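Below you'll find the structure, written out as structure tokens, and then a few comments.
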Amino acid sequence: MITSKTSFLALIGNPVSHSLSPVMQNAAIQYLGLDLIYMAIPCKDKDLKIVIDSLKRMNCKGLNITIPFKKKVFDLCSEISPVAKKVKAINTLKLIDDNKWSGTNTDIDGFIYPLKKIKLLKKNAIVLGSGGAARSVIQGLLDLKLSKITIISRNQNSLNELISNFNNDIKIEGLLNTSIETTDLIQKTDLIVNTTPVGMNNTNNNDELPFGQNFWNPIKSNTIVYDLIYNPTPTSLLKFCDKKGCMIIDGTQMLIAQGAKSLSFWTNGLEVPFEVMNDALKKYL
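275 is the number that the numbering used here gives to position 275 of the sequence shown; each next residue is one higher, with no gaps.
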């Protein structure tokens, strides 16, 4: 029951109407018996600072941050975790002493969750896209100790910036999606991760494949294909790759794992029930 003493958690972004985070977070909160509620709050770019500053003066205990604010909240935090600094993205804020925000990133933990049981040591990976999500994916692949990462993107500038951010790590190279080298890479790589929004329900291209079907025709059945999108599930990309015999992974487990990590962060290390969150999502996917 919500009372005058109930604290709240919130997702801040634009848009947030499609998000299923409130569904899974409130299921976990209820299971744990916490006097909390989780909601989604849409926020315009020009209002970000006033919204974030206002929430810390209310009964808010923590926030999730999504597109397009994962970089923009850096200036609003008094404390930032090393991993968030590394990937230049914050997706979780916690209110600490003196009404200050502590920022961290749980996307990396979420991303690697479904990959932990797969032997990827010294394997090769392709990351599609060079936006904010790609940063967390690359760091996750580095943590899993792959031997080579190739980033494929439409944008040369963001591609160059991304590579320069990780230039002291393992071999990382970048290619434009129009490069003739992509055909050979698609045939030989062990893991492909889609970080682009192509295929998402709230876009106009949910029936398309990232970079077009011709890009995917060379794929072999022994390739693992991981699409960060969780709505719809499976995406058109995963349906196509499943027919090719590939092992496919959608973004559902990442969504749950990063959300569980956030809730644990807000509650000072409380063990959060993954299966309860998963069961709650099944009704909506």
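Beta carbons: idealized from backbone N, C-alpha and C, even for Gly. These figures come from a predicted structure and were not determined experimentally.
Spatial distance of residue i from residue j (CA atoms)
i      : j      : result
Asp107 : Val23  : 18 Å
Val225 : Asp97  : 43 Å
Pro42  : Gln25  : 17 Å
Leu128 : Ile12  : 25 Å
Leu36  : Gly103 : 20 Å
Asn167 : Ile52  : 33 Å
Asp242 : Glu181 : 24 Å
Lys116 : Lys145 : 11 Å
Ser153 : Leu175 : 7 Å
Met58  : Leu95  : 11 Å
Pro273 : Ser179 : 44 Å
Gln213 : Ile186 : 12 Å
Ala39  : Leu55  : Position check: residue 39 holds Met in this sequence, whereas Ala was assumed. Distance between the alpha carbons of Met39 and Leu55: 13 Å.
Asp75  : Thr195 : 25 Å
Burial state of residue i, where buried means 16 or more other Cβ atoms lie within 10 Å
i      : result
Ile172 : buried
Leu263 : buried
Asp183 : Residue identity check: residue 183 is Thr in the sequence provided, not Asp. The residue in question, Thr183, is exposed, as its Cβ has fewer than 16 Cβ neighbours within 10 Å.
Ile151 : buried
Tyr284 : exposed
Met1   : exposed
Gly62  : buried
Ile50  : exposed
Asn91  : buried
Pro82  : exposed
Lys70  : buried
DSSP beta-bridge partners of residue i
i      : result
Tyr230 : None; Tyr230 has no bridge partner.
Met39  : Ala10
Leu128 : Ile152, Asn194
Cys60  : Phe8
Ile65  : Ile12
Leu176 : Ser153
Ile224 : Leu191, Met247
Lys171 : Lys148
Distance cut-off 7 Å: residue i Cβ against heavy atoms of the ligand HEM
i      : result
Pro218 : Absence of the ligand HEM is noted for the structure shown, with no ligands found whatsoever.
- Query: Touch check for the region 102-122 and the region 133-150: three-plus C-beta pairs under 8 Å?
  - Reply: Enough Cβ pairs lie closer than 8 Å, so yes.
- Query: Is there contact here, the region 214-230 with the region 160-167, by at least three beta-carbon pairs under 8 Å?
  - Reply: No, the region 214-230 does not touch the region 160-167.
- Message: Please give the ranges of any alpha helix (DSSP H) in the region 72-109, keeping only runs that are unbroken, at least 4 residues long and fully inside the region.
- Response: Whole alpha helix (DSSP H) segments, 4+ residues: 82-87.
- Every unbroken beta strand (DSSP E) within the region 234-279, with a cutoff of 3 residues, ordered by chain: Inside the region 234-279, DSSP marks whole beta strand (DSSP E) runs of 3 or more residues at positions 247-249, from first to last along the chain.
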